[in-house]
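Just so we're aligned, residue 4 is where the sequence shown starts under the working numbering, counting upward by one. Following: one structure in C-alpha cells, then a few remarks.
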Amino acid sequence: MKLCENVSRLGSETAFQTLAKAQALEAKGIDVVHLEIGEPDFDTPQNICDAAVKAMADGHTGYCNSQGLAELREEIAKDIERTRRIKVNPACVIVTPGAKPVMFYTMLALLEDGDEAIYPDPGFPIYESMIKYTGARPVPVPLREELDFRMDVEELESLITKRTRLIILNSPQNPTGGVLEKDDIRYIAGLVRERDITVLSDEIYHHIIYEGEPYSIAAEPDMPDKTVLIDGFSKSYAMTGWRLGYGVVPKEMVEPVVRLIINSVSCTPPFIQMAGIEALKGPQESVRKMVDEFRARRDLIVKGLNEIPGLSCRLPKGAFYAFPNISKLGMSSQKMADYLLNEAGVAALAGGSFGKCGEDYLRLSYANSQENIKTALERINTAAKRLLK
Ligand code: PLP
Numbered sequence: 004m005k006l007c008e009n010v011s012r013l014g015s016e017t018a019f020q021t022l023a024k025a026q027a028l029e030a031k032g033i034d035v036v037h038l039e040i041g042e043p044d045f046d047t048p049q050n051i052c053d054a055a056v057k058a059m060a061d062g063h064t065g066y067c068n069s070q071g072l073a074e075l076r077e078e079i080a081k082d083i084e085r086t087r088r089i090k091v092n093p094a095c096v097i098v099t100p101g102a103k104p105v106m107f108y109t110m111l112a113l114l115e116d117g118d119e120a121i122y123p124d125p126g127f128p129i130y131e132s133m134i135k136y137t138g139a140r141p142v143p144v145p146l147r148e149e150l151d152f153r154m155d156v157e158e159l160e161s162l163i164t165k166r167t168r169l170i171i172l173n174s175p176q177n178p179t180g181g182v183l184e185k186d187d188i189r190y191i192a193g194l195v196r197e198r199d200i201t202v203l204s205d206e207i208y209h210h211i212i213y214e215g216e217p218y219s220i221a222a223e224p225d226m227p228d229k230t231v232l233i234d235g236f237s238k239s240y241a242m243t244g245w246r247l248g249y250g251v252v253p254k255e256m257v258e259p260v261v262r263l264i265i266n267s268v269s270c271t272p273p274f275i276q277m278a279g280i281e282a283l284k285g286p287q288e289s290v291r292k293m294v295d296e297f298r299a300r301r302d303l304i305v306k307g308l309n310e311i312p313g314l315s316c317r318l319p320k321g322a323f324y325a326f327p328n329i330s331k332l333g334m335s336s337q338k339m340a341d342y343l344l345n346e347a348g349v350a351a352l353a354g355g356s357f358g359k360c361g362e363d364y365l366r367l368s369y370a371n372s373q374e375n376i377k378t379a380l381e382r383i384n385t386a387a388k389r390l391l392k
C-alpha cells in the first residue's frame, strides 16, 4: 500500500509510546512510577459526571450542532470574560472533541505549501507534526533555560518573514512549565498586528499557574481578529478522556472550521457538552484544590531533583511538568529516559522528543501522588549516582 506524502510527514507523541513500554514492564511484575503522561491523576468531579449521566438518560444522545451547543458556547464566552477579561462573542466559539482538533483545523484552514509557521522548541510535539502535514515549513523558536523558558521575543521577530502565516504560543507551557510575561505578549501582538499573521494561543494550562496572573494575547487591542485561542476541559477539570475542548476563532474562520468539523467528526457528543456546561457553571472548588496540590508537588519534585548529583531544575511557573537539565550525566535524553525506565522503574519523557532544544532535558509530569514522586526521586538519585561513578 502506498501511503501519501502528507501522512509520512506526521509525527507522534512519545508520551503514549512510553506509557505502552511502561505497561509492558508492569505486566512482567516490575514496579514503575509513572511520570510520563500529561494528565491530572484526579477523578473528574462528581457533579460533572452526574450531569453527563443525566443528559444521556434524558436522551441527549443524537447528533447536534456542529459548532457546539449554544448554551455551552455562551458559558465558554462568559468563562473567558471572567478569566481573561476579554469580551467573547459566543458565535466565535467552536466546540471540539478535545483541544487538539482546534490545532488541526486551524492549521488545515491557514497553512499550505510555501508558508511558514513559527512554534516553540521545546514544545508540544503536535505543533511541528501538524505544520509539516500541511506542507508548510516549521520554524522553531528556541526556549532557553536562562530565560526560564520564556520566548526571546526579539529572536522571534528575527524569524518572521513574508511567508510567516502562523505563530504558536503556549503559556503556561508544555514541557517546560514556562510562562510568557505580559510585556512579551504585548511585544508579540505588536509584531503581528500589521502583518497577515494569525496567532494560535494554546491556553490549555491557563488555570494551572503558580505565580502571577496568566495573560492572553487575545486581550490585546485588535488581537481577537488575529488569534485562535485554544482551551478545554482536559486539564482544568481532569477530563482528558472525555474529549472536550474549544477554540475562540476570528469571525472569518468560523465557517471554514465548522466545515472541517462537518467533514471529520460531525459534532461533539451532546451529553459530553452538557457535562461541560456543568463544569463551568458548577462549583470551582475542585480546580482550586487541584492547583494547590500541584503546587505542593512542584515544590517537592524540584527541590528533590536539585538535590540529585548531576541534575538541575528551574522552578516551573505553570502546568504540571518539571524539566530538569541532565547534560552533566553524559547521556542523550532518550537514552536517559530508557535507562530510567528499564533500570530504575521511573517512566519519564526525553526532552529531545519535544524538539532539538529539549535534548539536554527530561520531562517529568508531577501529576502523580507525593508518595510516588518521593519514590521516583529516590530511584532517580540512585540511578544518577551510578552513572556518575
Ligand atoms: N495543548 C497542550 C500544550 C497539551 O499539552 C495538550 C495535552 O497534553 C493539549 C493541547 C491537548 O489537549 P486535549 O487533550 O484537550 O486535546
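Backbone N, C-alpha and C fix where the C-beta goes; we use that ideal spot for every residue, glycine too.
Self-check item: Unbroken beta strand (DSSP E) run spanning SER368, endpoints
Solution: For SER368, the enclosing beta strand (DSSP E) begins and ends at 365-368.
Exercise. Would you list, in sequence order, the uninterrupted alpha helix (DSSP H) runs of no fewer than 4 residues that lie entirely inside the segment 161-222?
Key: Secondary structure in the segment 161-222: the alpha helix (DSSP H) runs of 4 residues or longer, each lying completely within the stretch, are 185-196 in chain order.
Quiz item: Taking the beta strand (DSSP E) that GLY41 falls in, what are its first and last residues?
Solution: GLY41: not part of any beta strand (DSSP E); DSSP gives it neither H nor E.
Exercise. Could you tell me which of LYS5, MET154 and ILE212 sits nearest to ILE170, measuring between CA atoms?
Key: Per the Cα distances, MET154.
Practice problem: Report the partner residues of ALA325 according to the DSSP bridge assignment. | Solution: The partner list for ALA325 (beta bridge, DSSP) reads LEU367.
Quiz prompt | Closest residue to SER15 among LEU203, GLU115, SER356 and ILE383 (Cα-Cα distance) | solution = The shortest CA-to-CA distance from SER15 to any of LEU203, GLU115, SER356 and ILE383 is the one to SER356.
Practice problem: Output yes or no for whether 8 Å exceeds the beta carbon distance between LEU314 and ALA379. | Solution: No, the pair does not count as a contact, with Cβ atoms beyond the cut-off.
Quiz item: Do PRO143 and TYR324 have their C-beta atoms within less than 8 Å of each other?
Solution: TYR324 is positioned such that its CB atom lies no closer than 8 Å to that of PRO143.
Quiz prompt | the ligand PLP heavy atom lying under 7 Å from the CB of ILE207 | solution = The beta carbon of ILE207 sits closer than 7 Å to at least one heavy atom of the ligand PLP.
Quiz item: Taking DSSP as the reference, what is the three-state secondary structure of ASP234?
Solution: In this structure, ASP234 counts as strand in the three-state DSSP scheme.
Quiz item: With distances taken between CB atoms, is the gap from ALA94 to VAL231 smaller than 8 Å?
Solution: It is not a contact, given that the beta carbons lie outside the stated cut-off.
Quiz item: the ligand PLP heavy atoms versus the CB of ALA102: any closer than 7 Å?
Solution: Indeed, a heavy atom of the ligand PLP lies less than 7 Å from the Cβ.
Quiz item: Does the segment 247-267 touch the segment 88-108, meaning 3 or more C-beta pairs lie closer than 8 Å?
Solution: Contact annotation: the segment 88-108 touches the segment 247-267, with at least three C-beta pairs closer than 8 Å.
Quiz item: GLY138: beta carbon under 7 Å from a heavy atom of the ligand PLP?
Solution: GLY138: no, Cβ never under 7 Å from the ligand PLP.
Quiz item: Can PHE127 be considered in contact with the ligand PLP, in the sense that its beta carbon sits closer than 7 Å to one or more heavy atoms?
Solution: Inclusion of PHE127 in the 7 Å shell around the ligand PLP follows from its C-beta lying nearer than that to a non-hydrogen atom of the ligand.
Quiz item: In angstroms, rounded to a whole number, what distance separates the CA positions of PRO327 and ARG198?
Solution: PRO327 and ARG198 have their alpha carbons spaced roughly 37 Å apart.
Quiz item: In three-state DSSP terms, what is ARG140?
Solution: Three-state result, ARG140: strand.
Quiz item: Under the three-state reduction of DSSP, which class applies to GLU29: helix, strand or coil?
Solution: Helix, per DSSP.
Quiz item: By the 10 Å Cβ neighbour count, where 16 or more other Cβ atoms means buried, how is CYS360 classified, buried or exposed?
Solution: Counting Cβ neighbours within 10 Å, CYS360 comes out buried, since at least 16 surround it.
Exercise. Quick one: using the 10 Å Cβ neighbour count with 16 as the cut-off for buried, is LYS165 buried or exposed?
Key: The residue is exposed, with fewer than 16 neighbouring Cβ atoms inside 10 Å.
Quiz item: CA-CA distance, ALA58 and VAL305?
Solution: ALA58 and VAL305 have their C-alpha atoms some 42 Å from each other.
Quiz item: For TYR218, is the classification buried or exposed, using 16 other Cβ atoms within 10 angstroms of its Cβ as the cut-off for buried?
Solution: It is buried - the Cβ of TYR218 has at least 16 other Cβ atoms within 10 Å.
Quiz item: What is the residue span of the alpha helix (DSSP H) that ALA120 lies within?
Solution: Boundaries for ALA120: no alpha helix (DSSP H) harbours it, while the beta strand (DSSP E) harbouring it runs 119-124, taken from the DSSP string.
Exercise. Consider the C-beta atom of ASN177 and the heavy atoms of the ligand PLP; say whether any pair is separated by less than 7 Å.
Key: Within the cutoff, so yes.
Quiz prompt | Cβ-Cβ distance between ILE329 and LEU365 below 8 Å | solution = Between ILE329 and LEU365, the gap from beta carbon to beta carbon is short of 8 Å.
Quiz item: From this set, ALA351, PRO48, THR64 and VAL36, which residue's C-alpha is nearest PRO273's C-alpha?
Solution: For PRO273, the nearest C-alpha among the options comes from THR64.
Quiz item: Contact between the segment 201-219 and the segment 260-271: three or more CB pairs below 8 Å?
Solution: The segment 201-219, when compared against the segment 260-271, does not touch it at the 8 Å Cβ threshold.
Quiz item: Under the three-state reduction of DSSP, which class applies to ILE425: helix, strand or coil?
Solution: This structure cannot settle anything about residue 425, because the visible part of the chain is limited to 4 through 392.
Practice problem: Would you check whether the ligand PLP has a heavy atom nearer than 7 Å to the C-beta of ASN173? | Solution: ASN173 Cβ: within cutoff of the ligand PLP.
Self-check item: Neighbour-count burial assignment, MET277, 16 or more Cβ in a 10 Å radius
Solution: Buried, because 16 or more other Cβ atoms sit within 10 Å of the Cβ of MET277.
Quiz item: Is it the case that the Cβ atoms of GLY321 and TYR208 are separated by a distance below 8 Å?
Solution: Yes, Cβ-Cβ distance for GLY321 and TYR208 is below 8 Å.
Self-check item: Expected contact under 8 Å - CB spacing of ILE134 and LEU114 to nearest Å
Solution: Distance from ILE134 to LEU114 at the Cβ level is roughly 7 Å; contact confirmed, criterion being Cβ atoms closer than 8 Å.
Quiz item: Cβ of GLY215 within 7 Å of any heavy atom in the ligand PLP?
Solution: No.
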